[in-house]
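A short write-up of the structure that comes next.
2 protein chains.
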Amino acid sequence: MVTETSTRPAGAIQRATIRDVAARAGVSVTTASRALNGTGRMSEETRLRVQQVAKDLDYRPNSMARGLVQQRSFTLGLLTDDTYGRFTLPVAAGLSSAMTDRGVSVFLSAGEKEPKRMQLNLRAMEEKRVDGLVITGKRIDRCLPVDVSSLGMPVVYVYSECPDGGIGFVPDDFNAAKMATEHLIKLGRRKIAHITGMSTFKAAHLRKAGWHAALEEHGLAPFGEALFDNWTEAHGYAAAFQLFDAAADRPDAIFCGNDQIARGVVDAFAQLGIKVPDDVAIVGFDNWEVFAKATRPPLTTVDMGLTCLGKSAGLALLDMIEGKPIEAGLRQLPCRLVVRQSCGGEASE
Amino acid sequence: MVTETSTRPAGAIQRATIRDVAARAGVSVTTASRALNGTGRMSEETRLRVQQVAKDLDYRPNSMARGLVQQRSFTLGLLTDDTYGRFTLPVAAGLSSAMTDRGVSVFLSAGEKEPKRMQLNLRAMEEKRVDGLVITGKRIDRCLPVDVSSLGMPVVYVYSECPDGGIGFVPDDFNAAKMATEHLIKLGRRKIAHITGMSTFKAAHLRKAGWHAALEEHGLAPFGEALFDNWTEAHGYAAAFQLFDAAADRPDAIFCGNDQIARGVVDAFAQLGIKVPDDVAIVGFDNWEVFAKATRPPLTTVDMGLTCLGKSAGLALLDMIEGKPIEAGLRQLPCRLVVRQSCGGEASE
DNA sequence: CAAAGCACTGCAACCGGTTGCAGTCTCTTC
DNA sequence: GAAGAGACTGCAACCGGTTGCAGTGCTTTG
Numbered sequence: 001m002v003t004e005t006s007t008r009p010a011g012a013i014q015r016a017t018i019r020d021v022a023a024r025a026g027v028s029v030t031t032a033s034r035a036l037n038g039t040g041r042m043s044e045e046t047r048l049r050v051q052q053v054a055k056d057l058d059y060r061p062n063s064m065a066r067g068l069v070q071q072r073s074f075t076l077g078l079l080t081d082d083t084y085g086r087f088t089l090p091v092a093a094g095l096s097s098a099m100t101d102r103g104v105s106v107f108l109s110a111g112e113k114e115p116k117r118m119q120l121n122l123r124a125m126e127e128k129r130v131d132g133l134v135i136t137g138k139r140i141d142r143c144l145p146v147d148v149s150s151l152g153m154p155v156v157y158v159y160s161e162c163p164d165g166g167i168g169f170v171p172d173d174f175n176a177a178k179m180a181t182e183h184l185i186k187l188g189r190r191k192i193a194h195i196t197g198m199s200t201f202k203a204a205h206l207r208k209a210g211w212h213a214a215l216e217e218h219g220l221a222p223f224g225e226a227l228f229d230n231w232t233e234a235h236g237y238a239a240a241f242q243l244f245d246a247a248a249d250r251p252d253a254i255f256c257g258n259d260q261i262a263r264g265v266v267d268a269f270a271q272l273g274i275k276v277p278d279d280v281a282i283v284g285f286d287n288w289e290v291f292a293k294a295t296r297p298p299l300t301t302v303d304m305g306l307t308c309l310g311k312s313a314g315l316a317l318l319d320m321i322e323g324k325p326i327e328a329g330l331r332q333l334p335c336r337l338v339v340r341q342s343c344g345g346e347a348s349e
Numbered sequence: 350m351v352t353e354t355s356t357r358p359a360g361a362i363q364r365a366t367i368r369d370v371a372a373r374a375g376v377s378v379t380t381a382s383r384a385l386n387g388t389g390r391m392s393e394e395t396r397l398r399v400q401q402v403a404k405d406l407d408y409r410p411n412s413m414a415r416g417l418v419q420q421r422s423f424t425l426g427l428l429t430d431d432t433y434g435r436f437t438l439p440v441a442a443g444l445s446s447a448m449t450d451r452g453v454s455v456f457l458s459a460g461e462k463e464p465k466r467m468q469l470n471l472r473a474m475e476e477k478r479v480d481g482l483v484i485t486g487k488r489i490d491r492c493l494p495v496d497v498s499s500l501g502m503p504v505v506y507v508y509s510e511c512p513d514g515g516i517g518f519v520p521d522d523f524n525a526a527k528m529a530t531e532h533l534i535k536l537g538r539r540k541i542a543h544i545t546g547m548s549t550f551k552a553a554h555l556r557k558a559g560w561h562a563a564l565e566e567h568g569l570a571p572f573g574e575a576l577f578d579n580w581t582e583a584h585g586y587a588a589a590f591q592l593f594d595a596a597a598d599r600p601d602a603i604f605c606g607n608d609q610i611a612r613g614v615v616d617a618f619a620q621l622g623i624k625v626p627d628d629v630a631i632v633g634f635d636n637w638e639v640f641a642k643a644t645r646p647p648l649t650t651v652d653m654g655l656t657c658l659g660k661s662a663g664l665a666l667l668d669m670i671e672g673k674p675i676e677a678g679l680r681q682l683p684c685r686l687v688v689r690q691s692c693g694g695e696a697s698e
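Put into structure tokens, the structure is as follows:
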């Protein structure tokens, strides 16, 4: 554990170096390095002896030294502007987990709002010589305010706008919305309304288009216009009242743009004495469990698979780092419908 | 931007090294290094010339090389088992942000459940030679299943149990609960109940004790026993019914162990036709805005200052890394009451 | 005028690994 | 028995910075 020849101040705990291992195993540094990395050829006995010594000494290779010579840091950067964490955290978890399995660590740059501080973080990552960069945000039609053009390292985008020629990963909002709507149709609903978030979000339009497409394929008409507004409970709550106050004709199902809106809708119905799912079926979007599961009844909703998105992005990034050719463009990964009790039918969860 | 003498394969973008800067500025590597770091003595003209060349070449010092010789990586590790992100994300944001200002980057290890994978991550951080470690979790009375004893690097604990002799940062649950209860008392409430989370959590007991203490100081008796159960809306919902079904005598305020419980309580009251805050005032705990603000009415609640916790922990860790003596023990940082509309009185937000 | 002092600058060692190439030893093969 | 092949092993250069110490030239002091 201690370097005998250390010249550093006593007190500071000193890790064993490969020279310590080599000396104690009676081999050269070269052989020690090869024994530990499984490269080169040597007698099995030598290799095992070196490995045993390394274990005895609690040796940890210094990845800075390794990185220096290999021109790789086995390190990635994750850049986000999502202070909220709703989207970033699952992505980060999926990324981090998949990377750990491959010996790669992830630098986190979270919660920076000002472009200046974000640029500062980016610079720090350049100096750390990260092998690649994952850029993620909180909406698919905005890009982080950082200049990545002259970066000279592979970059992938996750849940963020992807510039021309870039490589991006987003959920397939269109087909997810279509799937959610088809689920309602299969359960016999025919008058399906759509309450969703801000019309300035591309995601809102994609989901609306999916809703339209599913209806059209089944020869149904949308129930009224899509109701755009904030992605909040308050909007869902208000929109539900609007839908049931104004119309003589009432929907028998509502596809909501996210779980918070769905939650607001359900709350309004509770107050109006409208039964979910008997009178109206509801589908949410996001599978934010803290909402979806706590709603009464628990929400059937779309899971965007953000964890998987993070993982896929990480793997693609590793391929790029290793020089494998990767096709540019946006990948839309499939989403999953999580069936609970807000639509009736059989609930699997 | 390009090393003229590079021997590496063409195609790979090659950063300028300090040798490139030195050569182009017509000085030795030593002088270049000093010019860029602001150390040593030299003519102002030389220093400026070197700095200008560095800028022209878009030079980025290689922090692996620097770390190797300085025996510091300017890197921290963040270890957590909070897959949920409720506690970790604010802590991580506060930490990351404060560290960025000081030129230190943070490795994230998130979402690992199995001790084995967590240990793997810890090992990766050792190899990366992180200067220190922040360990955080999702409850203050549990420690992560990692062996940190023989690590030989400074460690701080945040929102986690802190072993003897360690340095920990947690919110001051007791005084926060006392403050919340006193807020209710000041508003004229006298019959204050307490609905909280699992009795196996230390936080639940500290908050209960704070509730008791505030009441006692004002010569009031607690309204019934504290109602322990899950930290969920469902529990708050059920407990509210129980409280108002069973008792002839009814509370005029409820201090809730977290915002989700408070939310459940408010929902139950909405259904029972009980007005908040007119009939019953409610205080939550956590200031999880997505809940606290969306509740009708918005919740007055305790903010634990997790971001600040992360920042303080990071600064303490830096001090330790720099060899400054730090007193061992647990620091309980003060919380803040966020006044909204669920208690009446004047709402500041 | 010599010696000391000071301001600049650079040589060379070092951090802890990896790896191309060469050397040594043993075993075949002709 | 000598040459060649093959299996191990190690020398030394290198990655890109930092830093102790020495050297140079100029100014100041006795």
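Keeping their order, the protein sequence lines are chains A and B.
Here the working numbering is used: the first residue of the first sequence is 1, the next is one more, and so on.
Here the working numbering is used: the first residue of the second sequence is 350, the next is one more, and so on.
Even glycine gets a Cβ: it sits at the ideal position worked out from N, Cα and C.
The structure presented is a predicted model; accordingly, all values stated were derived computationally and were not measured.
In the three-state reduction of the DSSP assignment, Phe-518 of chain B falls in the strand class. Between Pro-61 of chain A and chain B, the shortest Cβ-Cβ separation is below 8 Å. Across the structure, Ile-367 of chain B and Asn-386 of chain B are spaced so that their CA atoms are roughly 12 Å apart. For Ala-677 of chain B, the closest alpha carbon among the candidates B:Pro-512, B:Gln-363 and B:Val-483 is that of B:Pro-512.
Pairing Leu-333 of chain A with Leu-206 of chain A, the inter-Cα distance amounts to about 14 Å. Pro-646 of chain B is a Cβ neighbour of Val-625 of chain B, given a cutoff of 8 Å.
For Glu-126 of chain A, a Cβ of chain B is located within less than 8 Å of the residue's own Cβ. Neighbourhood of Thr-301 of chain A in chain B, by CB distance below 8 Å: empty, with the nearest CB roughly 16 Å away.
Tyr-506 of chain B is bridged by DSSP to B:Ile-484 and B:Gly-517. Relative to the Cα of Asn-287 of chain A, the nearest Cα in the group A:Arg-15, A:Leu-48, A:Pro-90 and A:Arg-60 belongs to A:Pro-90. Taking a contact as a CB-CB distance under 8 Å, the pair Thr-136 of chain A and Leu-78 of chain A counts as one, their CB atoms being some 7 Å apart.
Taking the Cα positions, Asn-230 of chain A is about 21 Å away from Lys-113 of chain A. Looking at the DSSP output, Gln-681 of chain B shares a beta bridge with B:Val-519. When Cβ-Cβ separations below 8 Å define contact, Phe-223 of chain A makes no contact with chain B.
Assigned with DSSP and collapsed to three states, Asp-652 of chain B falls in strand.
The way I'd put it, the segment 193-202 of chain A does touch the segment 234-250 of chain A; three or more beta-carbon pairs between them come closer than 8 Å. Contact of Gln-271 of chain A with chain B by beta-carbon distance below 9 Å involves Ala-619 and Gln-620.
By the Cβ neighbour-count rule, Pro-494 of chain B is exposed, with fewer than 16 other Cβ atoms within 10 Å of its own.
Closest in C-alpha terms to Asp-450 of chain B, from the list B:Ala-414, B:Ala-597 and B:Phe-423, comes B:Phe-423.
In this structure Phe-456 of chain B touches Val-106 of chain A by the C-beta definition: roughly 7 Å separates them, less than 8 Å. The C-beta of Glu-182 of chain A comes no closer than 8 Å to any C-beta of chain B. Under the three-state reduction of DSSP, Thr-424 of chain B is assigned to strand.
Think of a sphere of 7 Å around the beta carbon of Met-64 of chain A: the chain B residues whose beta carbon falls inside it are Met-413, Gly-416, Leu-417, Ser-422 and Arg-478, in chain order.
Under the Cβ criterion of 8 Å, Asn-470 of chain B is counted among the residues facing chain A. At a cut-off of 8 Å between beta-carbon atoms, Leu-79 of chain A makes no contact with chain B. Within the segment 316-338 of chain A, no residue has its Cβ closer than 8 Å to any Cβ of chain B. Residue environment analysis places Ile-675 of chain B among the exposed positions, since fewer than 16 neighbouring C-beta atoms fall within 10 angstroms of its C-beta. Annotation: the continuous beta strand (DSSP E) that includes Thr-196 of chain A extends over 192-196. Judged by beta-carbon spacing, Val-629 of chain B lies beyond the 8 Å limit of Ala-529 of chain B, meaning their Cβ atoms are not closer than that value. Boundaries cannot be given for Gly-224 of chain A, as no beta strand (DSSP E) includes it and DSSP labels it neither H nor E.
With 16 or more other Cβ atoms from the protein chains shown falling within 10 Å of its own Cβ, Gln-260 of chain A counts as buried. In the structure shown, Phe-550 of chain B adopts coil according to DSSP, grouped into three states.
Residue-level contact by beta carbon holds for Gly-452 of chain B and chain A, with a gap shorter than 8 Å. Taking the Cα of His-532 of chain B as reference, the smallest distance to any Cα among B:Leu-621, B:Phe-550, B:Arg-612 and B:Thr-649 is reached at B:Thr-649. Only residues of its own chain outside the window of five on either side were considered, and among them Val-495 have a CB closer than 7 Å to the CB of Gln-468 of chain B, listed in chain order. Proximity of chain A to Ser-445 of chain B at the Cβ level (cut-off 7 Å) is accounted for by Leu-108, Ser-109, Ala-110 and Gly-111, in chain order.
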